[in-house]
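Residues 641 to 823 in my numbering are what the sequence shown spells out, letter by letter.
No residue lacks a Cβ here, since even glycine has one placed at the ideal position from N, Cα and C.
Small disclaimer: the values here were computed from a predicted structure and weren't measured.
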Amino acid sequence: MIVNTMVMHVVALGAMVLTMLCLPAYEAQAQGRGKRELLGSFRDWDALVMTSNAGEKTCYMISTAKRWTASRKNVSRGDIYVIVQHRPAFDVKDEINVNVGYPLKSGSEVTVSVDGKPAYRLFTEGRAAWAYDPRDDRAMVAAFKRGSRMVAKATSARGTVTTDTYSLSGFTAAYNAITKACR
641 MIVNTMVMHV VALGAMVLTM LCLPAYEAQA QGRGKRELLG SFRDWDALVM
691 TSNAGEKTCY MISTAKRWTA SRKNVSRGDI YVIVQHRPAF DVKDEINVNV
741 GYPLKSGSEV TVSVDGKPAY RLFTEGRAAW AYDPRDDRAM VAAFKRGSRM
791 VAKATSARGT VTTDTYSLSG FTAAYNAITK ACR
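Here it is as structure tokens:
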């Protein structure tokens, strides 16, 4: 019992020291990000603007999957979401990022379809996917504006196939908000 108590005290002391060493770096990193502001919630999409300490804006909108399925049972996943962003300082507009919440199979692609129409192919890295070309981003944004449902299909590093379904309700209003904020 005394050994267990002593071990617990050593572990607690180590955790406290680690926290004290890392906290200033974390706070500096968080402060370096600047300020984030919610532009509005538009049905199933939230629109935000983040302004760095240097005054550079990133305007983005985000939505989470309404439902998802997997090709096998007992699948564990992290956050599942789609982001559309504008970064005027880098001449980036309509950049789409699909985050599937698990490590993706190396060399695989995520497919994105709107209302069952032919799919767009996105390249993968880590847990996320992006369009190969900015023209594909623009085409997807146009399809999202006209559509009601977006489906993303992906394959995990373990070979599990997932299908994530998103609502496009509120997409156009959120898109207009981020576009206005990042002119």
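Q. Nearest to D684 by alpha carbon, out of A814, G787, D777?
A. Residue mapping note: residue 684 aligns to position 44 of the sequence shown, counting from 1. Looking at the Cα atoms, A814 is the closest of the given residues.
Q: May I have the straight-line CA-CA distance separating D731 from T819, to the nearest angstrom?
A: The sequence position of residue 731 within the sequence shown is 91, counting from 1. The sequence position of residue 819 within the sequence shown is 179, counting from 1. Roughly 13 Å between the two C-alpha positions.
Q | Proximal residues to V738 (C-beta, below 7 Å), its chain only, five neighbours per side dropped | A | Counting from one through the sequence shown, the residue named residue 738 turns up at place 98. Within the same chain, V738 has close Cβ partners V722, V750, V752, L762, A768, A769, A792.
Q.
Strictly by DSSP, which residues pair up with K697?
A. By one-based count along the sequence shown, residue 697 stands at place 57. According to DSSP, K697 bridges with T691.
Q.
In whole angstroms, give me the CA-to-CA distance for E667 and D719.
A. Residue mapping note: residue 667 aligns to position 27 of the sequence shown, counting from 1. Residue mapping note: residue 719 aligns to position 79 of the sequence shown, counting from 1. Its pLDDT being 40, under 50, E667 is placed unreliably in this model, and the value from its coordinates should be taken loosely. Cα to Cα, E667 sits roughly 23 Å from D719.
Q: Report yes or no: do three or more beta-carbon pairs, one from the region 776-793 and one from the region 741-748, lie closer than 8 Å?
A: no
Q | Spatial neighbours of N816 in its chain, beta-carbon cut-off 8 Å, leaving aside the 5 residues before and after | A | Sequence index remark: in the sequence shown, residue 816 carries index 176 (1-based). For N816, where only same-chain residues beyond five positions count, there are no Cβ hits under 8 Å.
Q) So what does D804 bridge to, in DSSP terms? A) Translated into the one-based positions of the sequence shown, residue 804 becomes position 164. Looking at the DSSP assignment, D804 forms a beta bridge with W708, A792.
Q) In terms of residues, what are the limits of the alpha helix (DSSP H) holding K733? A) Position 93 of the sequence shown holds residue 733. Counting along the chain, K733 falls outside any alpha helix (DSSP H), though it belongs to the beta strand (DSSP E) covering 732-739.
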